[in-house]
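S.K.: Protein chains in written order, with my numbering: chain A, 1 to 269; chain B, 1001 to 1305.
Even glycine gets a Cβ: it sits at the ideal position worked out from N, Cα and C.
Model, not experiment: these values are computed from the prediction.
I'd like to ask some things about the structure below.
Structure representation (structure tokens):
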């Protein structure tokens, strides 16, 4: 009786997840469909399908620059945020120290700062200090907001980590580096992975911080926003479609790496 | 070695000078690993904040620090209709959080408990849209909801022969756009929180005769709370600062806070007023955050053992 009730709830959850996935992909499907249209303005149902705007976009030599800038920014942000966030999370969740409670609340503040304001504030600050807007400045701006988030995400994992495992390893004669590599890192790996992924994602999709700080180095989101609010071009869906394809490839590679890692771990065990 | 790191430093018997205790405080492993982040925030957060605070007290339309100080900008906000964007932003953000929690909890539960080896592929599918920038996805909704030739209107017209009319430019559509964009920020922390709930503990509660609701309230929710709470706060704050949703899906009908600030900094060229509106937004979210945080023990909520 109870079993059956549980199964019923479970299938309801499966259906619900399906609906949410559908909801997630509707607009993306919309962008991809419209990127194959031939007409200058989008009308559904599409009358004639073509690759016309793909050719135009590639010939315009624009996509590469935009995506490379976005990728550089997001990559740098992910790496730096992981390093800062890792130590930040140890201070946040693991060590007992005077001032920790204050520190925990302090580093949360940038998250609770409206981003458009943060972008403007950083622009004023950069001007004041004498830093010119560029993609490096955008990396810095993204970090101000992303480092606390990554710290929090890793902290959740650190809280769940049993410190006595480390002590056991030390007692068994492992040195500091071995403990770090064989005990601490594997235990924190899921948190680090989701932290890095979040950092990359938040930076990749960020618009309010980039728009004030990146100067002439335009990212994909900035270009799209400018074009959407003034001067529609059929390249918008095409560039949008490009970033969809790119993300699928990147995620597929990441997923394969994860599966391979798990296989290897199983083999070792 | 690790045990010495974690043991609280014993209070020294002879009264140390303040310099010694400062040195001792600075040598704590916690402070040392916190210091990179702290230095970074001093440069990247406190500095800019001080600049904005300074600007908010300057007279109208000044661009440098050499005038007299004034509180006119704050008076201006309260006496004119500048509070309307605040009502919109905070109302929409509250509604967004509520919707996101209701939508994501079952999915998170499924990911953490039911899907088993299907959880990873489902997670992957949920992550893909995140890699596509917010603006593109909102543009996708724009294409779907467009009047006449949009995907929804076009389909209903071709299949059933009736026009849905325009679904754009209403508060409901903006809310839908915000829920769509910020759902992952509730979903993933919630999933992480739920995956921290040990299955044994739930089974034990079940064996001891707890029903589904009791397990949820007494076991699942307390342990999963850090994730849920972080997810909700993150979603709320992102939603308060949202600008693209209202602009792309709401047209010019609804002005949100971020839009009002942007307006002062660009078209109106009134940096001090823009700074003052910013300080207002910061103060309101800040009070809310402090209020919530003070009632919560972060350590216990985040699951410190």
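Are the C-beta of residue 217 of chain A and some C-beta of chain B separated by less than 8 Å?
M.R.: Here residue 217 of chain A corresponds to residue number 217 of the first chain, with the count starting at 1. Not closer than 8 Å to any Cβ of chain B, the Cβ of residue 217 of chain A fails to qualify, so no.
S.K.: Based on the DSSP secondary-structure assignment, which residues constitute the bridge partners of residue 37 of chain A?
M.R.: For the purposes of this step, residue 37 of chain A is identified with residue 37 of the first chain, where counting begins at 1. Residue 37 of chain A is bridged to A:49.
S.K.: Nearest-angstrom Cα distance between residue 11 of chain A and residue 1231 of chain B?
M.R.: Counting from one through the first chain, the residue named residue 11 of chain A turns up at place 11. Counting from one through the second chain, the residue named residue 1231 of chain B turns up at place 231. Distance between the alpha carbons of residue 11 of chain A and residue 1231 of chain B is about 25 Å.
S.K.: List the residues of chain A whose Cβ lies closer than 9 Å to the Cβ of residue 1134 of chain B, in chain order.
M.R.: As a first step, residue 1134 of chain B is located in the second chain; it is residue number 134 there, counting from the start. Residues of chain A passing the Cβ test: 205, 206, 207 and 221.
S.K.: Count the CB pairs spanning the stretch 239-256 of chain A and the stretch 63-71 of chain A that are closer than 8 Å, and state whether there are at least three.
M.R.: Touching, yes.
S.K.: Please name the residue, chosen from B:1237, B:1215, B:1279 and B:1133, that lies closest to residue 1199 of chain B on a Cα-to-Cα basis.
M.R.: Taking the second chain and counting its residues from 1, the one referred to as residue 1199 of chain B is at position 199. Checking every option, the nearest Cα to that of residue 1199 of chain B belongs to B:1215.
S.K.: How is residue 163 of chain A classed by DSSP in three states: helix, strand or coil?
M.R.: Locating residue 163 of chain A in the first chain gives position 163, counting from the first residue. Three-state DSSP puts residue 163 of chain A in a helix.
S.K.: Assess contact between the stretch 187-198 of chain A and the stretch 56-65 of chain A, defined as three or more Cβ pairs (one per stretch) separated by less than 8 Å. Is contact present?
M.R.: No, the stretch 187-198 of chain A is not in contact with the stretch 56-65 of chain A.
S.K.: Reducing DSSP to helix, strand and coil, say where residue 1172 of chain B ends up.
M.R.: By 1-based counting over the second chain, the position of residue 1172 of chain B is 172. Residue state, collapsed to three classes: helix.
S.K.: Using a Cβ-Cβ cut-off of 7 Å (strictly less than) and excluding sequence neighbours within five positions of residue 997 of chain B, which residues of its own chain qualify?
M.R.: Because chain B here runs from 1001 to 1305, residue 997 of chain B falls outside it and cannot be looked at.
S.K.: Answer yes or no: does any C-beta atom of chain A fall closer than 8 Å to that of residue 1137 of chain B?
M.R.: On the second chain, position 137 is the one that residue 1137 of chain B refers to. Interface residue, yes.
S.K.: Can a CB atom of chain A be found closer than 8 Å to the CB of residue 1030 of chain B?
M.R.: The residue given as residue 1030 of chain B occupies position 30 in the second chain. Judged by the 8 Å Cβ criterion, residue 1030 of chain B is in contact with chain A.
S.K.: Report all residues from its chain with a CB closer than 8 Å to the CB of residue 1016 of chain B; omit the five preceding and five following residues, and keep chain order.
M.R.: To locate residue 1016 of chain B, count along the second chain from 1; it is residue 16. Closer than 8 Å at Cβ, skipping near neighbours: 1024.
S.K.: Any beta-carbon of chain B closer than 8 Å to the one on residue 154 of chain A?
M.R.: The sequence position of residue 154 of chain A within the first chain is 154, counting from 1. Answer no: the Cβ-Cβ gap between residue 154 of chain A and chain B never drops below 8 Å.
S.K.: Who are the Cβ neighbours of residue 1236 of chain B in its own chain at under 7 Å, not counting the five residues just before and after it?
M.R.: By one-based count along the second chain, residue 1236 of chain B stands at place 236. Within the same chain, residue 1236 of chain B has close Cβ partners 1093 and 1097.
S.K.: Any Cβ of chain B within less than 8 Å of the Cβ of residue 31 of chain A?
M.R.: Here residue 31 of chain A corresponds to residue number 31 of the first chain, with the count starting at 1. Cβ-Cβ to chain B under 8 Å: yes for residue 31 of chain A.
S.K.: In whole angstroms, what is the alpha-carbon distance linking residue 1090 of chain B and residue 1251 of chain B?
M.R.: By one-based count along the second chain, residue 1090 of chain B stands at place 90. By one-based count along the second chain, residue 1251 of chain B stands at place 251. Cα-Cα distance, rounded: 19 Å.
S.K.: Hey, out of B:1123, B:1289 and B:1058, whose CA is closest to residue 251 of chain A's CA?
M.R.: For this step, residue 251 of chain A is matched to residue 251 along the first chain. Of the candidates B:1123, B:1289 and B:1058, the one whose C-alpha sits nearest the C-alpha of residue 251 of chain A is B:1123.
S.K.: So if I threshold CB-CB distances at 7 Å, which residues from the stretch 1102-1114 of chain B count as touching chain E?
M.R.: Given the protein chain composition of this structure (A and B), no chain E is represented.
S.K.: Taking only three categories from DSSP, how would you classify residue 151 of chain A?
M.R.: The count along the first chain starts at 1 and reaches residue 151 of chain A at position 151. If DSSP states are grouped into helix, strand and coil, residue 151 of chain A belongs with the helices.
S.K.: Quick check: the Cα distance between residue 85 of chain A and residue 14 of chain A, rounded to an integer number of angstroms?
M.R.: Counting from one through the first chain, the residue named residue 85 of chain A turns up at place 85. Counting from one through the first chain, the residue named residue 14 of chain A turns up at place 14. Each residue's Cα considered, the two are about 34 Å apart.
S.K.: Look at the alpha carbon of residue 18 of chain A and the alpha carbon of residue 1191 of chain B, and state the distance between them as a whole number of angstroms.
M.R.: The residue labelled residue 18 of chain A in the question sits at position 18 within the first chain. The residue labelled residue 1191 of chain B in the question sits at position 191 within the second chain. The alpha-carbon atoms of residue 18 of chain A and residue 1191 of chain B are separated by roughly 16 Å.
S.K.: On a Cα-Cα basis, can you pick out the residue from B:1018, B:1138 and B:1253 that is closest to residue 1182 of chain B?
M.R.: If you number the second chain from 1, residue 1182 of chain B lands on position 182. The option with the nearest alpha carbon to residue 1182 of chain B is B:1138.
S.K.: How should residue 1140 of chain B be labelled, buried or exposed, when 16 other C-beta atoms within 10 angstroms of its C-beta is the threshold for buried?
M.R.: Here residue 1140 of chain B corresponds to residue number 140 of the second chain, with the count starting at 1. That one is buried.
S.K.: Residue 14 of chain A: beta carbon under 7 Å from a heavy atom of the ligand SAH?
M.R.: With respect to the ligand SAH, the structure shown offers nothing to examine, as it has no ligands at all.
S.K.: What does the Cβ neighbour count give for residue 1135 of chain B, buried or exposed, with the cut at 16 atoms within 10 Å?
M.R.: Position 135 of the second chain, counted from the start, is the residue given in the question as residue 1135 of chain B. Burial call: buried.
S.K.: Which residue comes first and which comes last in the alpha helix (DSSP H) that contains residue 103 of chain A?
M.R.: Within the first chain, the letter at position 103 stands for residue 103 of chain A. Here the alpha helix (DSSP H) through residue 103 of chain A covers 100-108.
S.K.: Determine which residues of the stretch 226-250 of chain A have a Cβ less than 9 Å from any Cβ of chain B, and write them out in chain order.
M.R.: From the stretch 226-250 of chain A, only 228, 229, 236, 237, 239, 240, 241, 243, 244, 246, 247, 248 and 250 have a Cβ closer than 9 Å to chain B.
S.K.: Taking the alpha-carbon positions, what's the residue 223 of chain A to residue 1078 of chain B distance?
M.R.: Residue numbering aside, residue 223 of chain A sits at position 223 when the first chain is read from its first letter. Residue numbering aside, residue 1078 of chain B sits at position 78 when the second chain is read from its first letter. Those two C-alpha atoms are separated by around 36 Å.
S.K.: Any contact of the stretch 1276-1289 of chain B with the stretch 111-118 of chain A, i.e. 3+ C-beta pairs under 8 Å?
M.R.: Touching, yes, given that three or more Cβ pairs across the two stretches are closer than 8 Å.
S.K.: What is the DSSP secondary structure of residue 1069 of chain B, reduced to helix, strand or coil?
M.R.: As a working note, residue 1069 of chain B is residue 69 in the second chain. Coil at residue 1069 of chain B, not helix or strand.
S.K.: Scan the stretch 1190-1224 of chain B and note each continuous alpha helix (DSSP H) run of 4 residues or more that stays entirely inside, going in chain order.
M.R.: For the stretch 1190-1224 of chain B, whole alpha helix (DSSP H) runs of length 4 or above, ordered along the chain, are 1199-1207 and 1212-1215.
S.K.: Leaving aside the five residues before and after residue 1159 of chain B along the sequence, list all residues of the same chain whose C-beta is less than 7 Å from its C-beta, in chain order.
M.R.: By 1-based counting over the second chain, the position of residue 1159 of chain B is 159. Result list for residue 1159 of chain B: empty, nothing under 7 Å.
S.K.: Leaving aside the five residues before and after residue 82 of chain A along the sequence, list all residues of the same chain whose C-beta is less than 7 Å from its C-beta, in chain order.
M.R.: Position 82 of the first chain, counted from the first residue, corresponds to residue 82 of chain A. Correct list, in chain order: 150, 192, 195, 196 and 199.
S.K.: Residues of chain A with CB under 7 Å from residue 1227 of chain B, in chain order?
M.R.: Position 227 of the second chain, counted from the first residue, corresponds to residue 1227 of chain B. Per Cβ cutoff of 7 Å: 156.
S.K.: Residue 110 of chain A CB to nearest chain B CB: under 8 Å?
M.R.: Within the first chain, residue 110 of chain A is the residue found at index 110, counting from 1. Yes, its Cβ sits closer than 8 Å to a Cβ of chain B.
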